[in-house]
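Participant: First residue of the sequence shown: 436, per the numbering used here; consecutive thereafter.
Ideal Cβ placement from N, Cα and C applies to all residues, glycine included.
Encoded as structure tokens, here's the structure I'll be asking about.
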Amino acid sequence: MAATAMDHDGGGDDDVVTPGELLGNSLTLVAGRGAYAEGRSVRASVTGRRRIVPPAPGSDDQRSTVEVVGHKAHGAVPQPGSVVIARVTKVMARMANADIMCVDSKAIKEKFTGLIRQQDVRATEIDKVDMYQSYRPGDIVRAVVLSLGDARAYYLSTAKNELGVVSAQSIAGGTLVPISWTEMQCDLTGQIELRKVAKVE
436 MAATAMDHDG GGDDDVVTPG ELLGNSLTLV AGRGAYAEGR SVRASVTGRR RIVPPAPGSD
496 DQRSTVEVVG HKAHGAVPQP GSVVIARVTK VMARMANADI MCVDSKAIKE KFTGLIRQQD
556 VRATEIDKVD MYQSYRPGDI VRAVVLSLGD ARAYYLSTAK NELGVVSAQS IAGGTLVPIS
616 WTEMQCDLTG QIELRKVAKV E
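Here you go:
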């Protein structure tokens with residue numbers, strides 16, 4: 436009984452799970468909303484409370500469904516198809532890392548990481564994409580969520596005209612102004628830098 440009382444006093448937060456946390460085995464559980472299967476593991480894709488939903492009567496699949504129901508504090512959560520605003524943190528030869536700041540024009544309260552892979556930068560001449568000529572750390576990009584890539588990052592795409600860099604600072608510390616699909620110009624020095632530019636509305 437002591438455990439029940441303690442549970443009650445603690446607000447019942449023992450069931451709160453965070454993205455990437457193990458929820459169970461895919462042999463016995465189906466990944467529902469807020470969860471995903473990775474090999475034989477079922478993991479949480481959002482922060483929230485774990486909930487087990489029994490199978491429907493007469494269902495062929497007798498596994499229960501596990502879902503993670505977001506708690507009130509988490510704010511907006513990226514979903515496939517969501518348009519996000521993210522800040523590029525690191526650029527590598529085949530991908531760029533970014534911190535997601537905003538989802539569908541709503542602020543987020545927890546940290547989500549995005550990955551823009553080389554093949555998701557633009558729609559044409561994908562094999563010629565140079566990541567270092569598309570983004571720089573500190574760039575603000577508009578992107579669409581493709582999927583939850585792994586436990587810690589969402590796959591993002593900028594392969595549409597309206598997606599890409601929306602705000603950036605030049606090497607000289609000035610503001611970069613878009614002048615074409617692939618170029619931005621420093622307002623201080625006039626120097627041109629290469630980027631995957633989002634179409635100006």
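If you draw a straight line from the C-alpha of Ala-508 to the C-alpha of Asp-450, how long is it?
Facilitator: Only weak support is given to the placement of Ala-508: the predicted model assigns it a pLDDT of 49, under 50, and the question is left unresolved by the model.
Participant: Can Arg-630 and Ala-588 be called in contact, C-beta distance under 9 Å?
Facilitator: Contact flag unset, no.
Participant: Met-419 lies in the beta strand (DSSP E); which residues open and close that run?
Facilitator: The requested residue 419 is not part of the displayed model; the chain covers only 436 to 636.
Participant: Between Leu-464 and Asp-622, what straight-line distance do the alpha-carbon atoms span, to the nearest angstrom?
Facilitator: C-alpha separation (whole angstroms): 56 Å.
Participant: Below 8 Å CB to CB, which residues in the same chain sit around Thr-617 once its five sequence neighbours on both sides are set aside?
Facilitator: Taken in chain order, the residues that qualify are Gln-568, Leu-629, Arg-630, Lys-631 and Val-632.
Participant: Which term fits Gln-626, buried or exposed, when burial requires 16 or more other beta carbons within 10 angstroms of its beta carbon?
Facilitator: When all chains shown are included, Gln-626 counts as exposed.
Participant: Write down the C-beta distance between Val-518 and Val-579 rounded to the nearest angstrom, noting that I regard them as a contact closer than 8 Å.
Facilitator: Right, the Cβ-Cβ distance comes to about 6 Å (below 8 Å), so this counts as a contact.
Participant: DSSP state of Lys-563, grouped into three classes?
Facilitator: If DSSP states are grouped into helix, strand and coil, Lys-563 belongs with the helices.
Participant: DSSP three-state label for Gln-626, please.
Facilitator: It is coil, neither helix nor strand.
Participant: In terms of DSSP beta bridges, what is Glu-473 paired with?
Facilitator: DSSP lists Ser-476 as partners of Glu-473.
Participant: Please classify Gln-604: does DSSP put it in a helix, a strand, or coil?
Facilitator: DSSP places Gln-604 in strand when its eight states are reduced to three.
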